[in-house]
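For the sequence shown, the residue numbers in the numbering used here are 889 to 1009.
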Amino acid sequence: MHGSYRELGLSFEWHDFTAAKDVAWSRSFHPGSVEICLNLVGHGYASDGKERLVFAPMTAGFYRQEKDRLRGVRFAGQHQFLTVELSPGFLREQLCGDEANLHPIVQGVLKDGGSVAISEN
């Protein structure tokens, strides 16, 4: 839809598909990135092995891909969702100096450390 993760550090991507079987969604996660998912239709999840962020219809959440890989799955069926992918460099450029007011997931990116994290809102 807009942007380029590799060139601008920011992308908006619209997904609209029907899957005959479960899809390994995590292959699209960029290392070090924070991704926001606005889920309209379909079911799936992102998990770090300890916590699971469930995406049901009309839900949203965000997660960070780090050293330990997140597992993301979209279950068989119809899916419509928007993802906003934000690179570590883009986040540092936009948010540096405001760390105290940010969610711990984003703080971790700005500190350039930490592990996989997920959050549901």
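We put the beta carbon where it would ideally sit given N, CA and C, even for glycine.
Residue i, DSSP secondary structure in three states
i       : result
Ala988  : helix
Glu901  : strand
Ser892  : strand
Gly996  : helix
Ile1006 : Per-residue confidence for Ile1006 stands at a pLDDT of 46, beneath the threshold of 50, marking its modelled position as unreliable; the derived number appears in the next sentence. Strand, per DSSP.
Ser921  : coil
Proximity below 8 angstroms, CB of residue i to CB of residue j
i      : j      : result
Leu958 : Ala934 : yes
Ala907 : His991 : no
Phe950 : Gly932 : no
Tyr893 : Glu981 : no
Arg962 : Trp902 : no
Gly920 : Phe978 : no
Leu970 : Leu941 : no
Pro945 : Val929 : yes
Lys872 : Ala948 : A query on residue 872 cannot be resolved here, the shown segment of the chain reaching from 889 to 1009 and no further.
Buried/exposed call for residue i, threshold 16 Cβ in 10 Å
i      : result
Phe917 : buried
Asp936 : buried
Arg952 : buried
Gly996 : buried
Counterpart residues of residue i in DSSP-defined beta bridges
i      : result
Leu926 : Ala948, Leu970
Gly932 : Phe943, Arg962
Ala908 : In the DSSP output, where bridge partners are listed per residue, Ala908 has none listed.
**Report entry** Length at least 4, wholly inside the segment 936 to 983: the alpha helix (DSSP H) runs in chain order
**Finding:** 976 to 983
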